[in-house]
Structure formats: C-alpha cells, structure tokens
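According to the numbering used here, the sequence shown is numbered sequentially starting from 1. Cβ coordinates follow ideal geometry from the N, Cα and C atoms, glycine included. Working notes, beginning with the structure itself.
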Amino acid sequence: MFFVLLLSLLGYCLLLSRFKEWPIEVLPLFVLSTIILILYISGFVGFLPIMTTVIFIAGIVCLCVFLWDIRTHEKWQCNFSPGFVFFIVASLLIWLKVRYGLFDSYDAFVQWGLSAKQLYFSNSLLHYGIVHYPPIFPLFQYFVCRVLGFSEGNCYLANNILLLAAFTCLFAQVMWRQYLLILLTWLFLYFGVFVFGAWSLNLVSGGSGGFLTMQPDLLMAAFFAAAWIVYFSSKQKILLLVPIIFCLVLLKFFGVFFALLFIAFLFLEKGRLIYPSKKIAISLLKEPLILLGVMIIALITWFYIAPIFNQNSTAALNILPPSAAVESVARLMIRQMFWWSVLHLRVGSAAFPMTLSIIPWTIILLGISFITWRLSENALDRFRLCMASFLMLIGLLAYVAALYYLYVYRMVPEYARYMGSFSRYTGTYFFAWVLLDYYFMMQIFLHRTITMRNVGVLIFFPLLMMLSAPHIAWDFLYGNPKTRILSLRVSLYQVAAELQRTIPPNKKIYVVYQRAPIFLMQILNYEMFPSTVSGTWSFGEPNMRYDIWTQPMAPTEFENSLNDYDYLVLLKTDPYFWQNYGTVLRAHISPQYNMKQYQIYKINKTDVSLKLVPQASAIIKIVNH
Numbered sequence: 001m002f003f004v005l006l007l008s009l010l011g012y013c014l015l016l017s018r019f020k021e022w023p024i025e026v027l028p029l030f031v032l033s034t035i036i037l038i039l040y041i042s043g044f045v046g047f048l049p050i051m052t053t054v055i056f057i058a059g060i061v062c063l064c065v066f067l068w069d070i071r072t073h074e075k076w077q078c079n080f081s082p083g084f085v086f087f088i089v090a091s092l093l094i095w096l097k098v099r100y101g102l103f104d105s106y107d108a109f110v111q112w113g114l115s116a117k118q119l120y121f122s123n124s125l126l127h128y129g130i131v132h133y134p135p136i137f138p139l140f141q142y143f144v145c146r147v148l149g150f151s152e153g154n155c156y157l158a159n160n161i162l163l164l165a166a167f168t169c170l171f172a173q174v175m176w177r178q179y180l181l182i183l184l185t186w187l188f189l190y191f192g193v194f195v196f197g198a199w200s201l202n203l204v205s206g207g208s209g210g211f212l213t214m215q216p217d218l219l220m221a222a223f224f225a226a227a228w229i230v231y232f233s234s235k236q237k238i239l240l241l242v243p244i245i246f247c248l249v250l251l252k253f254f255g256v257f258f259a260l261l262f263i264a265f266l267f268l269e270k271g272r273l274i275y276p277s278k279k280i281a282i283s284l285l286k287e288p289l290i291l292l293g294v295m296i297i298a299l300i301t302w303f304y305i306a307p308i309f310n311q312n313s314t315a316a317l318n319i320l321p322p323s324a325a326v327e328s329v330a331r332l333m334i335r336q337m338f339w340w341s342v343l344h345l346r347v348g349s350a351a352f353p354m355t356l357s358i359i360p361w362t363i364i365l366l367g368i369s370f371i372t373w374r375l376s377e378n379a380l381d382r383f384r385l386c387m388a389s390f391l392m393l394i395g396l397l398a399y400v401a402a403l404y405y406l407y408v409y410r411m412v413p414e415y416a417r418y419m420g421s422f423s424r425y426t427g428t429y430f431f432a433w434v435l436l437d438y439y440f441m442m443q444i445f446l447h448r449t450i451t452m453r454n455v456g457v458l459i460f461f462p463l464l465m466m467l468s469a470p471h472i473a474w475d476f477l478y479g480n481p482k483t484r485i486l487s488l489r490v491s492l493y494q495v496a497a498e499l500q501r502t503i504p505p506n507k508k509i510y511v512v513y514q515r516a517p518i519f520l521m522q523i524l525n526y527e528m529f530p531s532t533v534s535g536t537w538s539f540g541e542p543n544m545r546y547d548i549w550t551q552p553m554a555p556t557e558f559e560n561s562l563n564d565y566d567y568l569v570l571l572k573t574d575p576y577f578w579q580n581y582g583t584v585l586r587a588h589i590s591p592q593y594n595m596k597q598y599q600i601y602k603i604n605k606t607d608v609s610l611k612l613v614p615q616a617s618a619i620i621k622i623v624n625h
C-alpha cells in the first residue's frame, strides 16, 4: 500500500511539472505542505477523513492524467532528475528501515506520538486539546496512517517523507553528469541527520534519533533551509513559499523565529533594489509582506481561532512572567549551567565524537562562508551569501537569548539544571545553517569549472559529517537500534490490555509504581489512550537524574488526590509505600479485603466519603529494566 501512497504523491508533482515552470525538485515539498494546509483547514470543520480520501484519490488521478499526457511528449524523462529520483529512492529505503519502528523517547509518548494517536482516532482537530503544540506535524502522520493504517513505524515514515521532501530541494539544478556532487550530497544528508538530529542516550532503548525520532526539530531546520533554496531557484516563488512558510510557523514555536529570519532576508534583498519610487518599493516588497501576512494568519488560526472550536484546547500562548521563585538558588544554578553549556556543551548529537560547541561551530561556518564567497564569481550569489551569513550570526545571538529565557524562566527546574535537550535545540539551528552553507558551496560546483580546490571545498561537509556521525548512523544501515525497548513495550502493552478489559474507556486512572523505570508511566499512558493515566506514580525522594515522577507526598494529600480519579491501580508497591500510605488505603476498603491481593480498585465518591471497590483480580507483570 505504501507504493500506492507514494504514487499518489508523485502524481501531483509530475502533473504540476507539466503545467508550471517550477523545478521538479521543489515540488514534493510544495505538494506535501499544501496537503497539510488543506488538512489543517479541514480539521476545524470536521472533514479530515473525507478530505484525506479525496487527496489520496486525486493524486492517483493526477498520475493517470500525467501518464496519458506524456504519450505526445518526447521529453518526459527530464522529470526524473537526480533530485526527483533521490526523493523516490530515499523514500523507499526509509520505508524499508522504519516500517516496524517503535517509539522509545519521552517526547514520543507524552507529546508527538500521543498527539498522532489522538488525532488518528478522533479524526478531528475539534478535540485536539491534549498537547501544547500546533498540529502541523501530526497532520501528515494522520494522512499517511489513514492510508496505510496506524502504526508507530508509519508515523516515523510520515516524518521522514517530509524531511526527504525538504532535502530534495538541495538537488535543484543538479544534472546527472555531476555524479560526484550527487554522491557527496547523499552522504552529507544521511550523516548530517545523525550528527545534528535529536539523538540521545537513555536507559530504556540505548538511543533514539536520526530517522527514528518523533521530534520535529530536524524537520524545522530542513523546512527553513528549503524555503531559502526554493526562493533562490524558482519562478513564481511566492506561490511555492506560502504553504511552506505556513507549515514552518506551526511546526513548533521556534518555527516563528526561523520564518522571521527568512522574511528578514527577503526585506534586505529587496531593499537594496528600491529606488526613490513608492510604486517600485511596494512592488519589490510585496513578496516579504505576503509571507509576513501568512505567518501572522497562521499564528492567529492557532492561538485565537482554534480555541473557539475547541474549548479544551491548550493552544493559547501563555507566557510566564518572572516571579520570586525564579530568583531562587535553583534558578541561579540554571543560569550558571546555561552559560557553561554555551561555551562547552556539544552541538547536536549526544554521541557526537567531536566536542564542538556553539563557538567552534560558528567559526567553522563563518570560515566556510568566507571561502565560498571568495570562490564565487556570481555577484548575486555573493550578496546572498553575505546577507545569509550575517542574518544567521545575528539570529544565533537571538536564538541563544530565547533558549536562555526558556531554560531559566519556563522549563521545569529538575530538567533545566541538567540542560536537558540543549544539544538538540542548538543542533536544530546549526543544521539549518550547515544546509544553507552547503547549498552555496554547491552553486560554485555548478557554475564554475571543476578544479581540485572546488572539489576540496565541497567535500568538506560530507567528510565532516561522516567522521562526526555517532555509531547509530552506521548501525542504522544494517541493524535495528530499537531492539532493547521491545521487551518493555510488549510488557506494557499486556498491562494496558488487562487494564482496558477491566476499566471502561475515557476514565482517569491513578497509577502507583514504586521506583518506576524511566518514562515507564508515559508509555503506559500512551498505550491506555483514550483513558488518562496519571498520579504521583512513585512516592519518596528522587533516586536518579531527571527523576521527576518520584515525589514525596503527605498521606492526607495522597488521600485527597484520589477524589479526582475514577480508578486506582497498584502496579508495584514496596515497604515504604505501605508504611506511609497503607493506613490511608485500608481506611477506604471493607475489612474482608486484603489490599495486597488486588491491584485494580474503582473509586466510588460521595459528598462526604470515598470508597475503594476491588475489581476482578488481575495478575499484572512488568519487566523491570
């Protein structure tokens, strides 16, 4: 079925290439962005399933029309350029590698994977109220899963198709005879994903990232770089850029930052051509003003219109002002750790063999930009490179300032003091910068006589990516890096199935699991959807780094919290739990029942009392890791 889906997407690209003078390499990104935009609008009016079917079938029709049309054209083969073939072949290879993938990261279970599952089973944005991010990322996952069926591997596949579509833009103007450039670009993109992508070590799976990640950071960087390339290489570029910028803005909140950076470049480029004529000025500034309007409209739709449709939506932007608590010792430590991280913490992959922090990477990229500027003979390319480098440098300062605010004022202190995700956030920005620099280096190779010096400059980034790539980049080629999470996922799936047989759907469940393995409860919450699994989970003092689910709690506080839930589930207890909370539980259960014989309790609440009713005893075993 995946082949049919791919043919449907290719149908749009091929038919558009017959009627528009657009590079075939930019059409996959334009088509996919347009599909997401249509689904976004349809989601608010309740037409997601219907529109998905229409889009899928229409793509097949477009392919048939194209095949009928090319009978009278002899040059249809020119559509299959190196870039378009890259998109097709890379999509097939990625499908072979990720179709059986499993989620294994915290963000997948609490945010991105859960939102994809929620959207798939609700078939609407009207009830999209469990997440804090816009639904652009999950919408394409929804599209792919509606055609292929819901699976975690298909969610990975959807993400990677979007990523490959953005990468394909790099191949604009590349010809088949430039085989060295094609090979180097393939290598650069593959290893670059693992160097700058969200790659982290964890206690459950051993690692996640690259093409097996549910985080949109890497995609955001690729969309940003692709917008520049589309603008540089296309006619009627504004029409192509509208859906791309719309999606970029709503991929993640930092997408607004990247969109503003791109629009700022357009103002600078157009500004240099403005003459003392108001009419000419308006004409030249039309493109950046339109895209600025698209960005504003996108933000309005999510922050102001979406909550009107969905009263439970968490989309509203809620900025937390600094308070007295912010000035605590913990926050002071976070400030100190942040500036240490800026100077010393590596960018991108957590397994990056070369410890290159923000400053070394900045020096490298500025140096490459200078060399590229010296080698370029095109005045327009030189101007664009100067403006791009200047804006990326200024943007880096603003980006670091935004990260400072995020860590000091917005992030959970237990996570912020360890600079959680810092390498991922900085990797996003520098991957976007590297993609831009590589594009300008490619232009030298395309427009100048090939010399050893030119080849040496071009080979720098692919070679750096290969030498710097973590071992998972090599493992991904021939193995499955996710086998270590399989036993835990199977165990929790069995637990969820047992709970779902006993507990009706859409119930709030308080789960206790003493000294739970890392994000075990988040996995269970994902498996139990649409029921909500929450609670303190583990009682006592935290016993490991990032342990934010183990908390001390007074017995009376625990007793009062049960009033907000429908069921109590004791998955694992210990002497500490029974010593501190056993009396509370026994006070609400009939004496003939032994608490330790039951694991599932229905919470019956009245105005004056609370009663625990044991359910049919279920033996629940969980593999401990």
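Unbroken stretches of the alpha helix (DSSP H), 4 residues or longer, contained in the segment 526 to 598:
If only complete runs of 4 or more residues are kept, the segment 526 to 598 shows the alpha helix (DSSP H) at 555 to 561 and 575 to 586, in order along the chain.
Below 8 Å on the Cβ atoms is my contact criterion, and I expect residue 601 with residue 567 to pass it. Report the Cβ-Cβ distance as a whole number of Å.
Within the sequence shown, numbered from 1, the residue matching residue 601 stands at position 601. Within the sequence shown, numbered from 1, the residue matching residue 567 stands at position 567. Right, the Cβ-Cβ distance comes to about 7 Å (below 8 Å), so this counts as a contact.
Do residue 294 and residue 242 have their C-beta atoms within less than 8 Å of each other?
As a working mapping, residue 294 is identified with position 294 in the sequence shown. As a working mapping, residue 242 is identified with position 242 in the sequence shown. Contact flag set, yes.
Under 8 Å by Cβ, that's how I've got residue 610 and residue 563 pegged, so tell me the actual separation to the nearest angstrom.
Locating residue 610 in the sequence shown gives position 610, counting from the first residue. Locating residue 563 in the sequence shown gives position 563, counting from the first residue. That belief holds up - the Cβ atoms of residue 610 and residue 563 are roughly 6 Å apart, short of 8 Å.
Checking 8 Å against the spacing of the C-beta atoms, do residue 584 and residue 555 come in under that value?
Here residue 584 corresponds to residue number 584 of the sequence shown, with the count starting at 1. Here residue 555 corresponds to residue number 555 of the sequence shown, with the count starting at 1. The criterion of a C-beta distance shorter than 8 Å is satisfied by residue 584 and residue 555.
Quick check on the DSSP output: the beta strand (DSSP E) that includes residue 614 runs from which residue to which?
Translated into positions along the sequence shown, residue 614 becomes position 614. DSSP places residue 614 in the uninterrupted beta strand (DSSP E) bounded by 610 to 614.
Taking just the CA atoms, how far does residue 374 sit from residue 318?
On the sequence shown, position 318 is the one that residue 318 refers to. On the sequence shown, position 374 is the one that residue 374 refers to. Unreliable positioning characterises residue 318 in this predicted model, as indicated by a pLDDT of 40, which lies under 50. The coordinate reading is nonetheless provided below. So the two alpha carbons sit approximately 47 Å from each other.
Measuring alpha carbon to alpha carbon, tell me which residue in 42, 79 and 41 is nearest residue 20.
Within the sequence shown, numbered from 1, the residue matching residue 20 stands at position 20. Checking every option, the nearest Cα to that of residue 20 belongs to 79.
Out of curiosity, what's the CA-to-CA distance linking residue 524 and residue 264?
Start at 1 with the first residue of the sequence shown, and residue 524 comes out as number 524. Start at 1 with the first residue of the sequence shown, and residue 264 comes out as number 264. When rounded, the distance between both Cα atoms is 45 Å.
Does residue 509 come out as helix, strand or coil in the three-state DSSP assignment?
Your numbering for residue 509 matches position 509 in the sequence shown. Reduced to three states, the DSSP call for residue 509 is strand.
Once you ignore the five residues that flank residue 391 on each side, which residues in its own chain have a CB closer than 8 Å to its CB?
Locating residue 391 in the sequence shown gives position 391, counting from the first residue. Excluding sequence neighbours, residue 391 sits near 261, 264, 265 and 268.
If you follow the beta strand (DSSP E) that residue 600 is in, where does it begin and where does it stop?
Here residue 600 refers to the residue found at position 600 when the sequence shown is read from its first residue. Residues 600 to 605.
Can you give, in chain order, each stretch of the alpha helix (DSSP H) that sits fully within the segment 400 to 453 and has at least 4 residues?
Fully enclosed alpha helix (DSSP H) runs of 4 or longer: 413 to 416 and 422 to 447.
Let's see if you can read the secondary structure: which residues bound the alpha helix (DSSP H) around residue 217?
Looking up residue 217 in the sequence shown gives position 217. Residue range 217 to 233 is occupied by the alpha helix (DSSP H) that includes residue 217.
In its own chain, which residues sit with a C-beta less than 7 Å from the C-beta of residue 137, not counting the 5 before and 5 after it?
Numbered from its first residue, the sequence shown carries residue 137 at position 137. Answer for residue 137: 112, 216 and 251, listed in chain order.
Who are residue 209's beta bridge partners in DSSP?
For the purposes of this step, residue 209 is taken as residue 209 along the sequence shown, with counting starting at 1. BP columns for residue 209 point to 212.
Helix, strand or coil: how does DSSP classify residue 28 here?
Residue mapping note: residue 28 aligns to position 28 of the sequence shown, counting from 1. Helix.
Boundaries (first-last residue) of the alpha helix (DSSP H) holding residue 503:
On the sequence shown, residue 503 is found 503 positions in, with the first residue counted as 1. No alpha helix (DSSP H) contains residue 503, which DSSP labels as neither H nor E.
Under a three-way DSSP split, which group does residue 342 fall into?
Taking the sequence shown and counting its residues from 1, one reaches residue 342 at position 342. Helix at residue 342.
Does the Cβ-Cβ distance between residue 426 and residue 514 come in under 8 Å?
For this step, residue 426 is matched to residue 426 along the sequence shown. For this step, residue 514 is matched to residue 514 along the sequence shown. Residue 514 is positioned such that its CB atom lies no closer than 8 Å to that of residue 426.
Would you check if the segment 212 to 228 and the segment 92 to 111 touch, i.e. whether three or more CB-CB distances between them fall below 8 Å?
With contact defined as three or more Cβ pairs closer than 8 Å, the segment 92 to 111 and the segment 212 to 228 are in contact.
Can you check the segment 101 to 144 for any alpha helix (DSSP H) of at least 4 residues that lies completely inside it and give the ranges in chain order?
The segment 101 to 144 contains these whole alpha helix (DSSP H) runs: 113 to 122.
Expressed to the nearest angstrom, what Euclidean distance is found between the alpha-carbon atoms of residue 49 and residue 443?
To locate residue 49, count along the sequence shown from 1; it is residue 49. To locate residue 443, count along the sequence shown from 1; it is residue 443. When rounded, the distance between both Cα atoms is 43 Å.
Considering only C-alpha positions, which residue in the set 39, 423 and 457 is nearest to residue 343?
Against the sequence shown, residue 343 aligns to sequence position 343. Selected option, being the one with the closest Cα: 423.
Name the two residues that bound the continuous alpha helix (DSSP H) containing residue 46.
Taking the sequence shown and counting its residues from 1, one reaches residue 46 at position 46. Neither: residue 46 is in no alpha helix (DSSP H) and is coded neither H nor E.
Let me check understanding here. Comparing Cα to Cα, which of 28, 362 and 366 lies closest to residue 230?
In the sequence shown, counting from the first residue as 1, residue 230 sits at position 230. Looking at the Cα atoms, 28 is the closest of the given residues.
Compare the C-beta of residue 407 against all C-beta atoms of chain D and say whether one is closer than 8 Å.
Reference to chain D is not applicable here, since this structure consists of a single protein chain.
Quick one, which of 614, 604, 587 and 594 has its alpha-carbon nearest residue 569's?
Residue numbering aside, residue 569 sits at position 569 when the sequence shown is read from its first letter. Its Cα nearest to that of residue 569, the residue 614 stands out among 614, 604, 587 and 594.
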